[in-house]
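The working numbering numbers the first residue of the sequence shown as 24 and each following residue consecutively.
First comes the structure, then the notes that go with it.
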Amino acid sequence: MEGMKQMLDQHHYKVHYNNENGKDPAEEQDKDYRGRAKMKDDPLKTGDLSLTLYKPKKRDSGKYYCRVYNQDIRRKATVHLEVKGFYNWILPAA
Numbered sequence: 024m025e026g027m028k029q030m031l032d033q034h035h036y037k038v039h040y041n042n043e044n045g046k047d048p049a050e051e052q053d054k055d056y057r058g059r060a061k062m063k064d065d066p067l068k069t070g071d072l073s074l075t076l077y078k079p080k081k082r083d084s085g086k087y088y089c090r091v092y093n094q095d096i097r098r099k100a101t102v103h104l105e106v107k108g109f110y111n112w113i114l115p116a117a
């Protein structure tokens, strides 16, 4: 049941993208999100349009738009992300 998956940020940069064959061509994804974004494998079957964004940055705050579809089913979701802060780890010199 795999279909097209696309997650865009508020500037319409591609956060995550899979074509109809389930492939995730890196050139289709905005360079700032490469290696930081992951979606569930079959959101059309499960209805789970979750996106995991690794190493969030303050500038990641804003709206995200998700579209998942194939020839039979279409799903979409909009979420607002607010990154409030981050942890800084300072390790002692060895």
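Here a beta-carbon is modelled for each residue, glycine too, at the ideal position from N, C-alpha and C.
DSSP puts K61 in a beta bridge; with which residues? Here K61 is bridged, per DSSP, to T75.
Which residues in the same chain as K37 place their Cβ atom closer than 8 Å to its Cβ, once the five residues preceding and following it in sequence are excluded? Hits under 8 Å: Q29, M30, L31, E51, Q52, D53 and Y56.
Mapping the DSSP letters down to three states, classify L114 as helix, strand or coil. In this structure, DSSP gives L114 a state outside helix and strand, which the three-state scheme calls coil.
Which residue marks the beginning of the beta strand (DSSP E) containing K86, and which one marks its end? In the DSSP assignment, K86 falls within the beta strand (DSSP E) that extends over G85 to Y92.
Tell me which residue opens and which closes the alpha helix (DSSP H) that K68 is part of. Its alpha helix (DSSP H) spans residues P66 to T69.
What does DSSP give as the partner residue(s) for Q52 in the beta ladder? Q52 is not bridged to any residue.
Closest by C-alpha distance to K107, when choosing among D65, S84, T69 and Y88: Checked all of D65, S84, T69 and Y88; the closest Cα to K107 is S84.
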